[in-house]
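S.K.: Sharing a structure here in structure tokens format.
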Ligand SMILES: [Zn+2]
């Protein structure tokens, strides 16, 4: 293989590694952003659980107060009932006592419901707090790892960039500009294509017989007539019935 072609393949490798590293480093802040969003959403969930718990506790305290009021009212009413002068008065006090007692039953039933709900909510709040702590730990760990990876990635990129520049300097200006042209044209970054069995391995077009023969014989600097990539051969082995024995390298 020609040294120019070897240099092109090296350049292509450098550029692909650089592109891969750039993409990888761009993913790091995205991942941290996603973790921050998850953490904030979970924080809100915890807050709403705590708010529900507080609302239940407040409602239950109010009910306890109203039960106490009803109870003291019943004591008063029973006293008044004992002192009632007429049947109508007695009936009125009895009616009020029955009503207050039914209010107490309703309030106590609701208190029981709230107690059960609060127990469930306390468990949920505790679990959510534990989860939030775990999420914060994960975030801190990943942030540290991301910073380390970012630093290492930047250093790797600087080295690759230096090697790239050094390799670029070894190329003839025409080959260097051909490389840049091909790199812009082919978004996958492949500018050199292996030729196997008279076929370009990048665009899979047949290479004309005469060109294929030339490539096998002397491996000149040659581009694919279809995709424009620089063609190279890595393994020339065996006997081709059409072109004879493989050339010695
Ligand atoms: Zn091609």
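Residue numbers (this note's numbering): 2 to 250. The beta carbon of each residue, even a glycine, is placed where N, CA and C say it ideally should be.
Using C-beta distances below 7 Å, list every residue in its chain close to residue 14, excluding the 5 sequence neighbours before and after it, in chain order.
M.R.: Residue numbering aside, residue 14 sits at position 13 when the chain shown is read from its first letter. The answer is none, since no qualifying residue turns up.
S.K.: Return the chain-ordered list of same chain residues with a C-beta closer than 7 Å to the C-beta of residue 8, the five sequence neighbours on each side being excluded.
M.R.: Along the chain shown, read from residue 1 onward, the residue named residue 8 stands at position 7. 168, 171, 172.
S.K.: Taking the C-alpha atoms as reference points, what is the distance between residue 1 and residue 120?
M.R.: Only positions 2 to 250 of the chain appear in this structure, which leaves residue 1 out of reach.
S.K.: In this structure, does DSSP put residue 6 in helix, strand or coil?
M.R.: Here residue 6 is taken as the residue at index 5 of the chain shown, counted from 1. Looking at residue 6 - three-state DSSP - the assignment turns out to be helix.
S.K.: Using a Cβ-Cβ cutoff of less than 7 Å, which residues in the same chain neighbour residue 115 once the five nearest sequence positions on both sides are dropped?
M.R.: The residue labelled residue 115 in the question sits at position 114 within the chain shown. These residues qualify, in order along the chain: 57, 60, 61.
S.K.: In chain order, what residues of the same chain have a beta carbon less than 7 Å from the beta carbon of residue 22, not counting five sequence neighbours either side?
M.R.: Position 21 of the chain shown, counted from the start, is the residue given in the question as residue 22. For residue 22, where only same-chain residues beyond five positions count, the Cβ hits under 7 Å are 154, 157, 158.
S.K.: Which residue comes first and which comes last in the alpha helix (DSSP H) that contains residue 119?
M.R.: By 1-based counting over the chain shown, the position of residue 119 is 118. Run containing residue 119: 88 to 170, per the alpha helix (DSSP H) assignment.
S.K.: Name, in chain order, the residues that DSSP records as bridge partners for residue 223.
M.R.: Taking the first residue of the chain shown as position 1, residue 223 is located at position 222. Paired residues: 232.
S.K.: Going by DSSP, name the residue or residues bridged to residue 200.
M.R.: Within the chain shown, numbered from 1, the residue matching residue 200 stands at position 199. Answer by DSSP bridge pairing, in chain order: 197, 207.
S.K.: What number of angstroms, rounded off, separates the C-alpha of residue 83 from the C-alpha of residue 73?
M.R.: The count along the chain shown starts at 1 and reaches residue 83 at position 82. The count along the chain shown starts at 1 and reaches residue 73 at position 72. For residue 83 and residue 73, the distance between alpha carbons rounds to 16 Å.
S.K.: Just checking my contact of residue 1 with residue 208 at CB under 8 Å: how many whole Å lie between their CB atoms?
M.R.: The structure shown does not extend to residue 1, since the chain is modelled only from 2 to 250, so the question has no answer here.
S.K.: Residue 53 and residue 122: beta carbons closer than 7 Å?
M.R.: By 1-based counting over the chain shown, the position of residue 53 is 52. By 1-based counting over the chain shown, the position of residue 122 is 121. Result yes, Cβ atoms of residue 53 and residue 122 sit closer than 7 Å.
S.K.: Whose C-beta lies closer than 8 Å to the C-beta of residue 160 among residues of the same chain, with five residues either side of it excluded?
M.R.: The residue you call residue 160 lines up with position 159 of the chain shown. Within the same chain, residue 160 has no close Cβ partners at all.
S.K.: What is the DSSP secondary structure of residue 173, reduced to helix, strand or coil?
M.R.: As a first step, residue 173 must be located in the chain shown, where it is residue number 172. The answer is coil: DSSP assigns residue 173 none of H, G, I, E or B.
S.K.: Note down the Cα distance separating residue 98 from residue 65, rounded to an integer number of angstroms.
M.R.: On the chain shown, residue 98 is found 97 positions in, with the first residue counted as 1. On the chain shown, residue 65 is found 64 positions in, with the first residue counted as 1. C-alpha separation (whole angstroms): 18 Å.
S.K.: State the Cα-Cα distance for the pair residue 40 and residue 124, rounded to the nearest angstrom.
M.R.: Within the chain shown, numbered from 1, the residue matching residue 40 stands at position 39. Within the chain shown, numbered from 1, the residue matching residue 124 stands at position 123. Computed Cα separation, rounded: 20 Å.
S.K.: Measure the C-alpha to C-alpha separation of residue 1 and residue 70 and round it to an integer number of angstroms.
M.R.: This structure gives no information on residue 1, because the portion of the chain shown stretches from 2 to 250.
S.K.: What's the C-alpha gap between residue 17 and residue 134?
M.R.: Reading the chain shown from its first residue, position 16 is the one you call residue 17. Reading the chain shown from its first residue, position 133 is the one you call residue 134. If you take the alpha carbons of residue 17 and residue 134, they lie about 40 Å apart.
S.K.: Using 8 Å for Cβ pairs, my map puts residue 143 next to residue 36. What's the rounded Cβ distance?
M.R.: Position 142 of the chain shown, counted from the start, is the residue given in the question as residue 143. Position 35 of the chain shown, counted from the start, is the residue given in the question as residue 36. Correct: roughly 6 Å between the Cβ atoms.
S.K.: Considering only C-alpha positions, which residue in the set 77, 90, 198, 3 is nearest to residue 210?
M.R.: Counting from 1 along the chain shown, the entry for residue 210 is found at position 209. Checked all of 77, 90, 198, 3; the closest Cα to residue 210 is 198.
S.K.: Around the Cβ of residue 6, are there at least 16 other Cβ atoms within 10 angstroms (buried) or fewer (exposed)?
M.R.: For the purposes of this step, residue 6 is identified with residue 5 of the chain shown, where counting begins at 1. Classification of residue 6: buried, given that the 10 Å Cβ count is 16 or more.
S.K.: What do you get for residue 182, buried or exposed, if any count of 16 or more other CB atoms within 10 angstroms of its CB means buried?
M.R.: Taking the chain shown and counting its residues from 1, one reaches residue 182 at position 181. With fewer than 16 Cβ atoms within 10 Å of its Cβ, residue 182 is classed as exposed.
S.K.: On a CA-only basis, which of 88, 137, 76, 166 is nearest residue 43? Give me that one, please.
M.R.: Reading the chain shown from its first residue, position 42 is the one you call residue 43. The shortest C-alpha separation from residue 43 is found at 137.
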